[in-house]
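K.L.:
Chains as they are written, first to last, in our numbering: chain B, 1 to 255; chain Z, 1 to 141. Glycine included, every Cβ here is placed at the ideal spot set by N, Cα and C. Note that the structure is a prediction, hence the values are computed from the model and not measured. Have a look at the structure that comes next, please.
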Amino acid sequence: MPETVAGLRHVEHVMGTVFSFDIRDRPTPAIRRALAEAVRQLHRADAVFSTYRADSHISRLDRGHIRLEDCPPEVHEVLSLSAQASYASDGWFSIVPAGRLDPSGLVKGWATEAASRLLHEAGAHHTCVNGGGDIQLRGRPAPTNPWRIGITHPLRPQELAAVVTTDHDLAVATSGTAERGAHIINPHTGAPVAPFASLTVVGPRLTMTDAYATAAFARGKSAKAWLERLDGYEALAILPDGQEWRTEGFSRYVT
Amino acid sequence: MRRAVLATTGISTLTIMLLALKPHQVPALAGVTPRTPTTSATPHTSTGAGTGTFTGDPVDTQYGPVQVSITLTKGKITAVKVLQAPDQNGRDQEINSFALPRLAEEALGAQSAQIDAVSGASYTSQGYIQSLQSALDQAHA
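Right, dumping it as structure tokens:
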């Protein structure tokens, strides 16, 4: 893409993290409106799903103060997607990991994918939406260039473990302990686990890609065999001792 | 327009430089809070579009000011120089001798990787400030 083509960028602090929007299409009024709407929806998702807010629907639902029927449609959507992720991962993805209702493991990816979709529907077909380190890509950054996504090395901050390259829609999700410590719970034991320094999964759409990254992380040793069986998903894992493994098809995305 | 882009590239480099002052990496500098540098990186030599040396404003840390300059050649970072860094005692100097060259190298590495975005363990709003994604956002803002 010639440097003269102006895209649109936006950075939004929301949901306890930062969302970065990188839109490479010429910004039409429709695209600008969609970006504003996407940002509004992120704040709404925070208000509805935050487990840090006592007044969120999720918190009130967990305490039994409201019933599922009292919740807005997106709660039903997220719970249904969570059930799918849980089923597809043999229970390794869970929204009650520590006995309390906590769909955080899916909400951020879902919200990022939804933002990407809103932009797409408004005519922005070449976009990168990064929700705190988990990314939904569409199209390509320039007619002749692929997207290039750096995967942070969890043990050597500021170095990249790999660069994922794609010239079509792709989601990239990384679970790890580098930023928030051991926060992933083994839903079968209720204990926090850290079998990986980081685990990156690539797949078509971020909601499931992100949920699968969380599930595979919790799964530990058997994660690779499980990921190899998942059609359309590939992964790169870095172990706490610095060793790494990649699924067979991961090389397709690495230059 | 072009000028503005170059200036922000300077700032992003400054951000990358400050990344290495992360508390867990450099214990003696723990507690350094990178501020958003004020934006007056000024080219003091310029020999054409996207080429020149740009000096960032000094950024105050609790251990003293840090200041860097970058050299651009046709829009790409070709050199990063540390003009000022805390060196009050032997420990400072020891850290600087290790961390600063590595930082410069990393700033160059990230640039040459030509990446569009960064995926990693979910960062907090605070963690974002020190992230490579933040540097990329600023570089293209």
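1. So SER59/B is in the alpha helix (DSSP H); what residue range does that whole segment cover?
2. Show which residues of chain B have a CB atom less than 7 Å away from the CB atom of GLY127/Z.
3. Comparing C-alpha positions only, which one of GLY7/B, GLY99/B, ARG219/B, ALA122/B sits nearest to LEU199/B?
4. Give the interface partners of VAL11/B over in chain Z, defined as CB-CB distance under 7 Å, in chain order.
5. Are the CB atoms of PHE265/B and LEU230/B nearer to each other than 9 Å?
6. Following the continuous beta strand (DSSP E) through GLY123/B, name the residue where it begins and the one where it ends.
7. Taking Cβ-Cβ distances shorter than 7 Å, what residues in chain B pair up with ASP116/Z?
8. Within the 9 Å Cβ cut-off, does GLY120/Z reach chain B?
9. Work out the CA separation of GLY105/B and GLY190/B for me, nearest whole Å.
10. DSSP state of ALA54/B, grouped into three classes?
11. Can you list, in chain order, the residues of its chain whose CB lies under 7 Å from that of ALA38/B, leaving out five sequence neighbours each side?
12. Nearest chain Z C-beta to PRO154/B closer than 9 Å, yes or no?
13. GLN133/Z touches chain B at which residues, Cβ-Cβ below 7 Å?
14. Determine the chain Z residues that contact ILE135/B at a beta-carbon separation under 7 Å, and present them in chain order.
15. Taking the alpha-carbon positions, what's the PRO146/B to GLY7/B distance?
16. Please report the residue range of the beta strand (DSSP E) in which GLN136/B lies.
17. If you draw a straight line from the C-alpha of GLN136/B to the C-alpha of LEU61/B, how long is it?
18. With distance defined between alpha-carbon atoms, name the residue in THR207/B, THR127/B, GLY99/B nearest to ALA111/B.
19. Which term fits HIS126/B, buried or exposed, when burial requires 16 or more other beta carbons within 10 angstroms of its beta carbon?
20. When Cβ atoms are compared, which residues of the stretch 203-226 of chain B fall closer than 9 Å to chain Z?
21. Roughly how many angstroms separate the alpha carbons of THR152/B and VAL164/B, rounded to a whole number?
22. Since PRO129/Z is in the alpha helix (DSSP H), which residue starts that stretch and which ends it?
23. Does DSSP put VAL75/B in a helix, in a strand, or in coil?
24. Just list the residues that DSSP pairs PHE19/B with in beta bridges.
25. So which residues of chain B does THR51/Z contact, with C-beta pairs closer than 8 Å?
26. Any C-beta of chain B sitting closer than 9 Å to the C-beta of THR55/Z?
27. Output the distance between the C-alpha atoms of ARG9/B and ARG53/B, rounded to the nearest integer angstrom.
P.N.:
Well, looking at it:
1. 57-63
2. GLU179
3. ARG219/B
4. Against VAL11/B, the close residues of chain Z are ASP137, in the order they occur along the chain (beta-carbon pairs closer than 7 Å).
5. The structure shown does not extend to residue 265/B, since chain B is modelled only from 1 through 255, so no value can be given for it.
6. Unbroken run through GLY123/B: none, as it is neither H nor E.
7. Correct list: ASP22, CYS128, PRO141, TRP147, ARG148, ILE149.
8. yes
9. 15 Å
10. In this structure, ALA54/B counts as coil in the three-state DSSP scheme.
11. ALA115, LEU118, LEU119
12. Judged by the 9 Å Cβ criterion, PRO154/B is in contact with chain Z.
13. SER20, ASN130
14. Neighbours of ILE135/B in chain Z, taken as residues whose beta carbon is under 7 Å from its own, are ALA117, SER119 in chain order.
15. 16 Å
16. 134-138
17. 29 Å
18. THR207/B
19. buried
20. none
21. 11 Å
22. Checking the sequence shown, residue 129/Z turns out to be Ile, not Pro. Looking at the DSSP string, the run of the alpha helix (DSSP H) that includes ILE129/Z is 125-129.
23. helix
24. GLU12/B, GLY131/B
25. What THR51/Z touches in chain B: nothing, since even the nearest Cβ is about 15 Å away.
26. At least 9 Å separates the CB of THR55/Z from every CB of chain B.
27. 29 Å
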